[in-house]
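Residue numbers (the numbering used here): 160 to 272.
Right, dumping it as structure tokens:
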């Protein structure tokens, strides 16, 4: 289940990269990419949570989940601003993927032997 989560996070990252490039270049974002990015990330977070209910948790897994939830809150803020046609702060747009990347690295540290 965690491998599925990792794959979903990586797919979300592809769409997220397209969104980040658009924001940094002051171009409009593709709404399909925005919704796919969010849906894939939410599905991945759900996989991690289900895994934790079934198998239990560990400090690494809890740290990873906390980072992903923090990134998701930032992403929700960015999406809300984007949908309401407000200017997206570039600092938040850059911090969001960095926090998610940290979560992915911690998750990989848990999964890989």
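Note that beta-carbon positions come from the ideal geometry of N, C-alpha and C, so glycine has one too.
| request: Mark residue 205 as exposed unless 16 or more other C-beta atoms lie within 10 angstroms of its C-beta, in which case mark it buried. | output: For the purposes of this step, residue 205 is identified with residue 46 of the chain shown, where counting begins at 1. With fewer than 16 other Cβ atoms within 10 Å, it is exposed.
| Measuring CB to CB, does residue 230 end up less than 7 Å from residue 259? | Taking the chain shown and counting its residues from 1, one reaches residue 230 at position 71. Taking the chain shown and counting its residues from 1, one reaches residue 259 at position 100. Less than 7 Å divides the Cβ of residue 230 from the Cβ of residue 259.
| query | Is it true that the CB of residue 171 sits closer than 7 Å to the CB of residue 200? | reply | Here residue 200 is taken as the residue at index 41 of the chain shown, counted from 1. Here residue 171 is taken as the residue at index 12 of the chain shown, counted from 1. For the pair residue 200 and residue 171, the CB atoms are nearer than the 7 Å cut-off.
| Cβ neighbour criterion (16 or more within 10 Å) applied to residue 252 | As a working note, residue 252 is residue 93 in the chain shown. Buried, because 16 or more other Cβ atoms sit within 10 Å of the Cβ of residue 252.
| alpha helix (DSSP H) containing residue 205: first to last residue? | Counting from 1 along the chain shown, the entry for residue 205 is found at position 46. Unbroken alpha helix (DSSP H) run through residue 205: 190-214.
| message | Please classify residue 223 as buried or exposed, where buried requires at least 16 other C-beta atoms within 10 Å of its C-beta. | response | To locate residue 223, count along the chain shown from 1; it is residue 64. With 16 or more other Cβ atoms within 10 Å, it is buried.
| query | Would a C-beta distance cut-off of 7 Å place residue 183 and residue 192 closer than the cut-off? | reply | Here residue 183 refers to the residue found at position 24 when the chain shown is read from its first residue. Here residue 192 refers to the residue found at position 33 when the chain shown is read from its first residue. No.
| query | How big is the Cα-Cα spacing for residue 207 and residue 233? | reply | For the purposes of this step, residue 207 is identified with residue 48 of the chain shown, where counting begins at 1. For the purposes of this step, residue 233 is identified with residue 74 of the chain shown, where counting begins at 1. Going from the Cα of residue 207 to the Cα of residue 233 covers about 19 Å.
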